[in-house]
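J.: Residues in the sequence shown are numbered from 49 upward in steps of one, following our numbering. Before we start, here is the structure in question, set down as structure tokens.
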Amino acid sequence: MKNNQINFFKSKDLNSVLSPLGEDLKTFREKRIVKIENYEVKESAKELNIGIYGWYAICPAKELKENKIYHFSMFDEPLLLFRDENKFVRCVKNVCPHRGASFYEGDFINGELTCPYHGAKFTSEGNCKNIDRLTCSHIIDSNYKSYAKKIHLFQYKTLEKDGYILINYSENPETNINDDEYNNTIKNHELIKHGFKVDEYAYEEVLVDFKCDWARIIENHLDILHIFWVHGDTIPDKDVNKNVLTSFNQKININKEFIESIYSYKNNPSKEFIRIKFIPPGRILIYKGEPEIARYVQVLDHIPLGNNKARVIVRHYRKFLKNKFIRELVLFEEIQRKTFYKIFNEDYMILKTQTYNLKLELLKNDEIKLLGEDKIIKYFWNWYKKSEEKDNPWRYSKKIENNMDVYDKLIFKYPPEINKLDIFNNLRILRKTFIRYASPLIILLLII
49 MKNNQINFFK
59 SKDLNSVLSP
69 LGEDLKTFRE
79 KRIVKIENYE
89 VKESAKELNI
99 GIYGWYAICP
109 AKELKENKIY
119 HFSMFDEPLL
129 LFRDENKFVR
139 CVKNVCPHRG
149 ASFYEGDFIN
159 GELTCPYHGA
169 KFTSEGNCKN
179 IDRLTCSHII
189 DSNYKSYAKK
199 IHLFQYKTLE
209 KDGYILINYS
219 ENPETNINDD
229 EYNNTIKNHE
239 LIKHGFKVDE
249 YAYEEVLVDF
259 KCDWARIIEN
269 HLDILHIFWV
279 HGDTIPDKDV
289 NKNVLTSFNQ
299 KININKEFIE
309 SIYSYKNNPS
319 KEFIRIKFIP
329 PGRILIYKGE
339 PEIARYVQVL
349 DHIPLGNNKA
359 RVIVRHYRKF
369 LKNKFIRELV
379 LFEEIQRKTF
389 YKIFNEDYMI
399 LKTQTYNLKL
409 ELLKNDEIKL
419 LGEDKIIKYF
429 WNWYKKSEEK
439 DNPWRYSKKI
449 ENNMDVYDKL
459 IFKYPPEINK
469 LDIFNNLRIL
479 RKTFIRYASP
489 LIILLLII
């Protein structure tokens, strides 16, 4: 990856942050191009000290069903999540250490994982407080018992927090996990640390997969100002479109744990437009105003499934319209999802073509020129380039042949592309509308 491989477009979710519930942007009175003429950079540390290896939110906790295995990948390494017999979350390499087979279609009952090849059964040792091994207890023939006790599954540290399952992805998975080794970087993912009290918010959530470069999607979400060009017709505010634009100042805060960019109006510096915070390696927060008073916060978690395969978990936390009955009555969740999908889809073609140009090595220093408004993007790419060189996370991707797509086609249950998700959501809206409004009327007419 090159430092300056960037084009300035795309962020999808800011829109869902700004648009869904009407944070209005009525201050745009001037019809001129978006400009960031002044920016201030505050550096409490020269650079981030967190690399590409670190904590990732992998899936909502509700996705990890009892007696079910959750298959996924990180940088093309096949992994799986499950709850062991003590209900603790485990993340292990999808490789049986006996003969290297996958656990796909193996038995998984009461937290006991069984390899479908020779019947190797893996359970937790000891009192299982996420500090013990996943040890094999049986391989078909009981004569193998002493051998079985010597083989273990390789695993990554896990944590269940704020309704997410997080893993600490690193270069070397371990056979023995020790809770005492958990470092403070996990706290950087806790919303409370950034000033947000989760229990004061309700939220909607979607998972979307992209067949494009993971880092490009993060870049997309860091680029706030493209919403005027790409999403102006989607955001239900007449002042956010290509024809009604204004100028901004930008303040950037950098420390060891995050990069934050705060945008304020050029003609009214005391009035904030939006702010965005990048928390490495894959989380972005988008909100308006100080966290203590912010009415919403958009949380985006970017998961590098593999080469040109990435997943995004989007949560829109809000302090308004929290009554569940009213939300159900007006189909609020479905309408929110529809907005999410439309915004994502508007960015998707840009992201795919950008990834294509990247593969052709067209995004080079002499062909991509960053502007002043791309300041946060420049900091991001500086971090990414250094982290990629240091961590070498794509080591597995380089070994995959073009025809080795068994995981993509069979094992990894990626969500459908965005258009299909939107169709499913529309059908859900029609079904709920019929059940709640049309069917009672039909029954009444039949009775009459």
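Beta carbons: idealized from backbone N, C-alpha and C, even for Gly. Keep in mind the model is a prediction, meaning the values are calculated, not measured.
Check for me: the alpha helix (DSSP H) holding Asp-395 runs from which residue to which?
T.: That run of the alpha helix (DSSP H) goes 380 to 407.
J.: Considering only the alpha carbon of each residue, which of Phe-306, Ile-351, Pro-126, Lys-235 lies closest to Phe-202?
T.: If we check each option's Cα against that of Phe-202, Pro-126 comes out closest.
J.: Which first and last residues belong to the beta strand (DSSP E) in which Asn-301 is found?
T.: Looking at the DSSP string, the run of the beta strand (DSSP E) that includes Asn-301 is 295 to 302.
J.: Can you tell which of Phe-130, Tyr-118, Lys-372, Val-347 has the C-alpha that lies nearest to the C-alpha of His-242?
T.: Taking only the C-alpha atoms, the option nearest His-242 is Val-347.
J.: Buried or exposed: Leu-214, going by 16 or more other Cβ atoms within 10 Å of its Cβ?
T.: Counting Cβ neighbours within 10 Å, Leu-214 comes out buried, since at least 16 surround it.
J.: Give me the Cα-Cα distance between Gly-211 and Ile-495, rounded to the nearest whole angstrom.
T.: The alpha-carbon atoms of Gly-211 and Ile-495 are separated by roughly 46 Å.
J.: When you compare only the Cα positions, how much space is there between Lys-205 and Glu-338?
T.: Going from the Cα of Lys-205 to the Cα of Glu-338 covers about 32 Å.
J.: For Thr-481, which of helix, strand or coil comes out of DSSP?
T.: Three-state DSSP puts Thr-481 in a helix.
J.: By the 10 Å Cβ neighbour count, where 16 or more other Cβ atoms means buried, how is Ile-157 classified, buried or exposed?
T.: That one is exposed.
J.: May I ask you to report which of helix, strand or coil DSSP gives Ile-495?
T.: Helix.
J.: Hey, Trp-103 and His-274: beta-carbon distance below 8 Å or not?
T.: For Trp-103 and His-274, no; Cβs fall outside 8 Å.
J.: Mind checking whether Arg-366 and Val-254 have CB atoms under 8 Å apart?
T.: Going by C-beta atoms, Arg-366 is not nearer than 8 Å to Val-254.
J.: Kindly indicate which residue of Pro-328, Asn-220, Ser-318, Gln-298 has the alpha-carbon position closest to the one of Lys-500.
T.: Lying before the first or after the last residue shown, residue 500 is absent from the chain, which here runs from 49 to 496.
J.: Going by alpha carbons, who is nearest to Lys-357 out of Tyr-404, Ser-318, Phe-368, Val-378?
T.: The shortest C-alpha separation from Lys-357 is found at Tyr-404.
J.: Pairs of beta-carbons, one from the stretch 366 to 381 and one from the stretch 276 to 283, closer than 8 Å: are there three or more?
T.: Output reads no: the stretch 276 to 283 does not touch the stretch 366 to 381.
J.: Around the C-beta of Asp-72, are 16 or more other C-beta atoms found within 10 angstroms, so that it is buried, or is it exposed?
T.: With a pLDDT of 39 at Asp-72, under the threshold of 50, the modelled position of that residue is not reliable, and no figure is offered here.
J.: In angstroms with no decimal places, state the Cα-to-Cα distance between Ile-300 and Ser-445.
T.: For Ile-300 and Ser-445, the distance between alpha carbons rounds to 34 Å.
J.: What are the complete alpha helix (DSSP H) segments, minimum 4 residues, inside the stretch 314 to 385?
T.: You should have 372 to 377.
J.: Pop quiz: Phe-130 and Ile-117 are said to be a contact at Cβ under 8 Å. What is the actual Cβ separation, rounded to whole angstroms?
T.: At roughly 5 Å, the Cβ-Cβ gap stays under 8 Å, so Phe-130 and Ile-117 are in contact.
J.: Which whole runs of the alpha helix (DSSP H) in the stretch 107 to 190 are 4 residues long or more, in chain order?
T.: Whole alpha helix (DSSP H) segments, 4+ residues: zero.
J.: Please look up how many angstroms separate the CB atoms of Ile-341 and Ile-322, rounded, as I've assumed it's under 8 Å.
T.: Rounded, the Cβ-Cβ distance is 14 Å, inconsistent with contact.
J.: Would you call Lys-79 buried or exposed, if buried means 16 or more other Cβ atoms sit within 10 Å of its Cβ?
T.: Low per-residue confidence applies at Lys-79: pLDDT is 37, beneath 50, and the placement is therefore not dependable enough to give any value.
J.: Please tell me whether Ala-105 and Arg-331 are closer than 8 Å, where the distance is taken between their beta carbons.
T.: Going by C-beta atoms, Ala-105 is nearer than 8 Å to Arg-331.
J.: Taking the alpha helix (DSSP H) that Val-278 belongs to, which residues open and close that run?
T.: Its alpha helix (DSSP H) spans residues 275 to 278.
J.: What residue does the beta strand (DSSP E) around Lys-209 start on, and which one ends it?
T.: Per DSSP, Lys-209 belongs to the beta strand (DSSP E) from 203 to 209.
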